[in-house]
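Down below is the structure, laid out as structure tokens.
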DNA sequence: ATAAGTATAATTGTATACAATCATACGATT
DNA sequence: AATCGTATGATTGTATACAATTATACTTAT
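Residue numbers (this note's numbering), protein chains in the order written: chain A, 211 to 434; chain B, 211 to 434.
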């Protein structure tokens with residue numbers, strides 16, 4: 211009847227258990243396995259140096275995440291994502307990121323706010339220098355801080371999932387001018403949270419995701 | 211490279227594959243397995259007449275759904291849901307049901323609208339007669355129609371998951387006066403959709419979930 | 001030549017066997 | 001008596017074996 215801490219989950223990601231799961235997940239999101247491609251249990255197993263058992267368990271989880279589609283007695287197929295799916299996900303994310311920003315305004319700690327501020331200033335620097343990799347890293351971290359700061363395990367789980375999910379289609383979105391504009395939006399969100407303006411923070415976070423989507427569509431990245 | 215239809219997923223739920231998964235899920239949601247209870251693979255397997263393999267696969271899926279927490283080499287424990295978790299989920303659902311109603315307004319078919327209207331009138335009848343079981347059934351169906359009518363696989367998947375999820379805490383919410391009030395809200399949502407008033411439909415659906423939550427808290431059902 | 005039917009191969013579904021890890025109890029040592 | 005160490009049992013992690021299903025190729029009949 212022991213009450214194990216949820217933090218266990220986080221470490222699991224990088225420990226032995228779930229290694230297979232995350233590797234396959236990564237390979238789907240990175241585009242190594244194409245849409246509608248059939249994944250064979252033995253083939254994947256050999257590639258990862260394991261038997262079918264852990265692969266099957268990973269397949270079942272990936273199906274639940276919507277990344278795989280398993281047809282009984284036939285096979286596992288990489289789920290096809292249509293441009294409408296992407297649009298829907300961004301609209302859903304827009305609402306949830308807004309709620310996250312609202313809750314973060316209420317619950318953010320001094321340390322988290324400091325890191326948020328530092329993040330924005332650092333991103334300014336790297337945007338000016340054209341360091342796209344660091345910019346992408348900082349963008350990820352900015353949202354991650356908010357996910358933690360909203361102080362809701364439920365919302366955090368959803369948003370982390372979606373955030374990883376959209377990496378599949380978002381890869382090069384921060385390149386070009388969007389990087390600087392995006393960080394300017396980050397700054398405004400940060401300022402609103404700092405000023406404890408919940409409504410403004412929510413509205414800005416809403417719009418931030420919509421803008422990211424619009425930019426992605428403009429660059430023609432939505433039809434993968 | 212065959213393109214299997216998503217409808218396969220639906221039938222799977224009730225076919226052989228996933229039987230174990232749904233049974234265990236049901237037993238957790240129904241409260242048969244208590245919070246923090248440890249589930250043993252062999253014990254569950256014997257109870258369902260299967261070996262450990264399908265049970266393990268189900269465990270992995272249930273962990274991803276947040277219903278189980280698996281600690282490596284130790285065991286699977288039923289996830290404890292705090293009252294804050296419940297509150298968060300209802301807030302999240304409120305936003306998503308609102309979005310669903312908005313999209314349903316844009317995409318609902320004639321047949322779906324008819325069924326929605328019929329649903330409301332039928333529920334009126336059963337509410338007056340005090341038929342609580344039928345009322346609960348109609349409530350489920352009302353939301354289900356909206357999930358289908360919003361015409362978004364992504365949003366539907368989320369909302370169906372949450373809807374089943376909250377059954378764990380919602381069981382007796384429709385009893386008492388809430389049944390009639392709830393159906394009056396259904397009627398307003400339906401009318402707004404019929405009038406193609408997206409904003410109103412969204413707002414009403416938002417409030418509908420908030421009201422359900424407030425009622426649940428008032429009745430003291432949130433601390434399970 | 002085409003189509004149906006059958007046999008063979010490949011793949012998934014499930015059960016079982018073995019390995020690794022963890023919990024518990026007992027005993028030895030201080 | 002308390003504590004550490006070891007041994008034993010229980011449980012999970014993984015691999016493999018077998019069963020069931022599906023896909024493919026070949027044969028045969030029209």
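For every residue, glycine included, the Cβ atom is placed at its ideal position computed from N, Cα and C. The model shown is predicted, which means the values in this text are computed figures rather than measured ones.
On the three-state DSSP scale, how would you describe residue i?
i, result
"residue 188/A", "The structure shown does not extend to residue 188/A, since chain A is modelled only from 211 through 434, so no value can be given for it."
"residue 318/B", "coil"
"residue 286/A", "strand"
"residue 399/A", "helix"
"residue 277/B", "coil"
"residue 255/A", "helix"
"residue 304/A", "helix"
"residue 260/B", "coil"
"residue 392/A", "helix"
"residue 291/B", "coil"
"residue 405/A", "coil"
"residue 429/B", "coil"
"residue 442/B", "Residue numbering for chain B in the displayed model covers 211 to 434; residue 442/B lies beyond these limits and cannot be assessed."
"residue 420/B", "helix"
"residue 374/B", "helix"
Would a check of beta-carbon distances place residue i closer than 8 Å to chain A?
i, result
"residue 417/B", "no"
"residue 299/B", "yes"
"residue 302/B", "yes"
"residue 271/B", "yes"
"residue 316/B", "no"
"residue 367/B", "yes"
"residue 262/B", "no"
"residue 374/B", "no"
"residue 306/B", "yes"
"residue 266/B", "yes"
Go through its chain and collect everything with a Cβ distance to residue i's Cβ below 7 Å, but skip five positions before and after it.
i, result
"residue 280/B", "269, 273, 286"
"residue 258/B", "230, 233"
"residue 388/A", "425"
"residue 317/B", "359, 360, 361"
"residue 351/B", "329"
"residue 237/B", "243"
CB-CB under 6 Å to residue i, same chain, minus the five flanking residues each way: which ones, in chain order?
i, result
"residue 264/A", "230"
"residue 418/B", "395"
"residue 408/A", "312, 315"
"residue 245/A", "288, 290"
"residue 366/B", "357"
"residue 397/B", "330"
"residue 390/B", "337"
"residue 213/A", "Unreliable positioning characterises residue 213/A in this predicted model, as indicated by a pLDDT of 33, which lies under 50. A coordinate reading is not provided."
Less than 8 Å between CB atoms is the rule here; does residue i satisfy it with respect to chain B?
i, result
"residue 295/A", "yes"
"residue 309/A", "yes"
"residue 258/A", "no"
"residue 274/A", "yes"
"residue 325/A", "no"
"residue 236/A", "no"
"residue 414/A", "no"
"residue 229/A", "no"
Beta-carbon within less than 8 Å of residue i's beta-carbon, same chain only, minus the 5 sequence neighbours each way: which residues are those?
i, result
"residue 319/B", "359"
"residue 306/B", "365, 368, 369, 372"
For this session: Note down, in chain order, all residues in the region 347-363 of chain B with a beta-carbon under 8 Å from any beta-carbon belonging to chain A.
Result: 362, 363
For this session: Give, in chain order, every unbroken run of the beta strand (DSSP E) that is at least 3 residues long and sits entirely within the region 327-367 of chain A.
Result: none
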